[in-house]
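Structure first, then comments.
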C-alpha cells in the first residue's frame, strides 16, 4: 500500500481500491444475470437477477463516491465464463463475495485513517450487502450439498 510521509494512506491508494471495487461490482452486474438465465431453478434465478440489480446499485454508489473525491471512475469489467455446474457457480460466487468483503474492509480501514466519514457509511452499507450475498449463497450451497 502506498503511503504519504505522515504515515497515512495516500489518496491514490483510496481511489485505486475504489476503482477496483467498482470493477468487481460492474463485473457482477453482467455475471449474475447471465448465470440467472442459465439456471434451471426459478427461485435461484430470481435471486441472481436481484443480486445483479444490487450490484448495479453498488457500482453506481462507488462511481458517485469516486467523482465526489474529484476523480473519474474507471468503468471496466472482466468477462467471466459461466461454470458448468450449479456447485461451481455457487462456489465461484462465494469466492467473489469473500474478495469483495475483504476489499471493503480495506477501504473502511483507509476511511478510518483518512477521516472519510460519509464514504465510510456508504462502504459499510455495501459491505453489509455483500455479507448478505455471501451468507445467502453459502446457505444454498450447504443445503444442496447436504441433500
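Residue numbers (this note's numbering): 21 to 167.
Heads up, the beta-carbon is just placed ideally off N, CA and C, and yes, glycines get one too.
I want to see whether chain C comes within less than 9 Å of residue 51, judged by CB atoms only; does it? This model lacks chain C altogether; it includes just one protein chain.
Run through DSSP, which three-state label would residue 158 get? helix
Sub-9 Å separation of residue 161 and residue 111 beta-carbons: Between residue 161 and residue 111, the gap from beta carbon to beta carbon is short of 9 Å.
Classify residue 167: buried if its beta carbon has 16 or more other beta carbons within 10 angstroms, exposed otherwise. exposed
Residue 60 to residue 105, Cα distance in whole Å? Annotation: residue 60 to residue 105 spans about 11 Å, alpha carbon to alpha carbon.
Is it buried or exposed, residue 133, if we count other Cβ atoms within 10 angstroms and call 16 or more buried? exposed
With hydrogens ignored, establish whether the beta-carbon of residue 51 is closer than 8 Å to any heavy atom of the ligand HEM. With respect to small molecules bound, the structure shown includes none, and the ligand HEM cannot be examined in it.
Contact set for residue 157: own chain, Cβ-Cβ below 6 Å, skip 5 residues either direction: 110, 113 and 114
Where do the ends of the alpha helix (DSSP H) carrying residue 36 lie? 31 to 58
Using a Cβ-Cβ cutoff of less than 8 Å, which residues in the same chain neighbour residue 140 once the five nearest sequence positions on both sides are dropped? 128, 131 and 132
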